[in-house]
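Protein chains in written order, with our numbering: chain X, 222 to 561; chain U, 5 to 334.
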Amino acid sequence: MAETSVESVSAQANQGVKGNFRWVVRHPIWAFVVIIFLFFSLMTDTFFSLGNFENILVQTSTLGLIALGMTIVMINGNIDLSVGAVVALAASLTVDIMGWPMFESWGNWQILPAVAAGLASGVLLGALNGLIVWKTGVDAFIVTLGAMLGVRGLVFVYTGEQSFFAMNFAYSDFGASRFLGLPTLAWIFLVFTLLIHILLSRTVHGSNTYAVGDNREAAVNAGIRVGPHMMVNFMIVGFFAALAGITLSTQMGASTPNLGRDYELWVITATVLGGTKLTGGAGNIIGTFGGVLAIGILRNGMNLMQVPAFYVLVTLGVILIAVLFLDKQLNRKGDGELRI
Amino acid sequence: MAGFVERMRNGDIKSLIARNGIFVAFVAFMIAFGIGSDRFLTFDNLESVVRSSAMIGIMALGVTIVVISGNLDLSVGSMLSFGTVMVVNLHDKIGPGPAILVMMICVLLLGAVNGFLIGFVRLNSLIVTLGMLSAIQGLTLIYSGGKNVDVNPSTQDTTWFRVFGRGEVAGIDMPIIIFFALASFVGFIIAFTPYGRRVYAVGGNPTAAVFSGIRRNRVVFSTYIVSAFCVGIASIILGSRVMGSQNNVGQGYELLVLASVILGGTSLLGGSGSILKTVIGVLILGFIQNGLLLLGYPYFAQWIVTWIVIILAVWLDVAAKRGRLLSPIA
């Protein structure tokens, strides 16, 4: 009797350890986040402070917001390369529309239609991408690669290759404002992270997202309308890209037509670091959040250690490949052919 | 025979045109621009367009082979920055010949890293080359210390290194000659040699390729070597033409190159595509840019047109293969 209970306890403990280990295996990026967190805390005097953590959250919020949307689209088995251009479009539209003469008498309310237009541009372009992917059956990689070039062209044509400055200072004050003890931008990031986590893990739309990415045929047979479903997800990532563009321009109080260049690559890096598969069907927001934090901590910490930005690029590249390698070793399932 | 004629009448011609839509589009564009602007179809203009497309074109040759074998290479832009900075920087230090040699070796090594990770370790090519994009950009900045490099102005006009970018043979600019020579060479290899067939086989059906005795790992490895070699050649031309280089000169090229490869009709799924089509894709992009400028549109309007052209081109291709215009997805 006594023996069995001891055995069961040790078995339980064993399972607990295994469970924890499995959590690390499922989210290897969090092990990495903890390691670099400890490393920079020990190596610099300035890293371990509440103010700096807030900094990291605000600095990565732009990347992080888009990564949330990218995670959904990638779980779907698609990809969106046009997010960087949408960042620039939304920022330019918002900052420009705010200054239109027709809103001159609106006071601070002039920000409202501007932000609405900025967000709408992202959602609309997402809908356009999604519609093309749905109706033509052309790979999302190609559709959004085209959109990446085209939307950037739109931005340059619209802005006349000029930067816009926000004349309403309430707009740039918002970027520096605080709410309940945290920067507002950090709140926006955290709240949306939670929302998308709930969307993916607790709703029908979320389980459909995994189903479509895992096996499109089966999803169709199960009665999911795959086309509209994918379109909604493209609209979500478009929304987040636009939102990121707007938060970025509140931080600068301005927009430039080159804003968000290369963001698509950074966002994909963060998402893949978080364990989302390009093949679809796998990934989650906890991992993506870890991936975003990893990039944020690495950039911030190496900056504090006064390492030139060049080395951050090399480190990130190496880590991205290392994570992919680890993931392959840890989650070996036969000889899976990874394909886009 | 009757059946054949019947088939040709009933849609194989349509399918043939749809599958080779890129040629039709190319001719249509040339005619439209030719009518729209009397300067478009002059020798000088055509030459300058082909010359400015030559660099993207040379990189696209290597990327085409990578894509035919079923992978992607996003690191070519960073690699171009790296190669150009290196060859320009070394030019004054060790002379043009050794500079080219050292640069080519370094670039081929980077290609070998790509090829090893993707071919032998079998990691996803998109992510590996994305990582390499970032890493090589960092390496370039570390190498140059963040400063732009240039060839000593006093030797710029005398060094034989200038031949590659500024030279002429029989009145035709050197970059064009190198582009077409390399395109013919690579095109011949890929279309008419056993090696080329192995590349198509690996991209078309990897499992079948392995069962028929093709060493898939080596073939994939070799495609990245070819890609790196093409980038090296492009670096020499760029360095020689500009006689200097910024650290991020190749930034964004990876996706432009990929866009022209896709525009040519090479499928991202691998196993299909050709060098000729890629050359046409590259030229279409160049001529769209030039034609729109001559017609008086703003510079960036070309990107909007490119957006539409890419999607239409691939859509036609996909639609021809499945025999219906719209996707059957619900």
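Where a beta carbon is used, it is the ideal one built from N, C-alpha and C, also for glycine.
These numbers were taken from a predicted model, which means no experiment stands behind them.
Going by DSSP, residue 350 of chain X is part of the alpha helix (DSSP H) stretching over 332 to 357. Excluding residues up to 5 positions away in sequence, 319, 389, 391, 392 lie with their Cβ nearer than 7 angstroms to the Cβ of residue 332 of chain X in the same chain. For residue 301 of chain U, there is no enclosing alpha helix (DSSP H), since its DSSP letter is neither H nor E.
Listed as beta-bridge partners of residue 248 of chain U by DSSP are U:154.
Residue 279 of chain X places its beta carbon 7 angstroms or farther from that of residue 462 of chain X. In this structure, the alpha-carbon of residue 464 of chain X lies about 21 angstroms from that of residue 378 of chain X. Here the alpha carbon of residue 277 of chain U sits roughly 12 angstroms from the alpha carbon of residue 26 of chain U. Residue 351 of chain X places its beta carbon less than 7 angstroms from that of residue 452 of chain X.
Under a 10 Å Cβ-count criterion, residue 443 of chain X is classified as exposed, with fewer than 16 other Cβ atoms of the shown protein chains found around its own Cβ. The distance from the Cβ of residue 522 of chain X to that of residue 268 of chain X is about 6 angstroms, consistent with a contact at the 8 angstroms cut-off.
Residue 118 of chain U is positioned such that its CB atom lies closer than 7 angstroms to that of residue 136 of chain U. Cα atoms of residue 66 of chain U and residue 306 of chain X: separation of roughly 27 angstroms, rounded to the nearest angstrom. Within chain U, the residues 331, 333 have their CB atoms less than 8 angstroms from the CB of residue 355 of chain X, given in chain order.
Around the beta carbon of residue 150 of chain U, a 10 Å sphere encloses fewer than 16 other beta carbons of the protein chains shown; the residue is thus reported as exposed. Under a 10 Å Cβ-count criterion, residue 211 of chain U is classified as exposed, with fewer than 16 other Cβ atoms of the shown protein chains found around its own Cβ.
Under the 7 angstroms criterion on CB atoms, residue 304 of chain U is classed as interfacial with respect to chain X. Counting every other CB atom within 10 Å of its CB across the protein chains shown gives residue 498 of chain X a total of 16 or more, marking it as buried. A direct Cα-to-Cα measurement between residue 320 of chain U and residue 307 of chain U gives close to 20 angstroms. Residue contact check for residue 467 of chain X against chain U: no CB pair falls below 7 angstroms. In the same chain as residue 176 of chain U, and ignoring 5 residues on each side of it, the C-beta atoms closer than 8 angstroms to its own belong to 51, in chain order.
Membership of residue 198 of chain U in the alpha helix (DSSP H) is indicated by the continuous run 198 to 208. Secondary structure at residue 301 of chain X: coil, using DSSP grouped into helix, strand and coil. It is roughly 31 angstroms from the alpha-carbon of residue 328 of chain X to the alpha-carbon of residue 281 of chain X. Residue 476 of chain X has X:385 as its beta-bridge partners, per DSSP. Residue 136 of chain U reaches chain X at 538, 542, counting residues in chain order whose Cβ is nearer than 8 angstroms.
One finds 302, 366, 369, 370 in chain X with Cβ atoms closer than 8 angstroms to the Cβ of residue 259 of chain U, taken in chain order. Not one beta carbon of chain X lies nearer than 7 angstroms to the beta carbon of residue 293 of chain U. Per DSSP, the unbroken alpha helix (DSSP H) holding residue 287 of chain X starts and ends at 271 to 296.
Identification of chain U residues near residue 532 of chain X by a Cβ-Cβ cut-off of 8 angstroms yields 142, 146, ordered along the chain.
When the five nearest sequence neighbours on each side are left out, the beta carbons in the same chain lying within less than 6 angstroms of the beta carbon of residue 179 of chain U are those of 55, 58, 241, in order along the chain.
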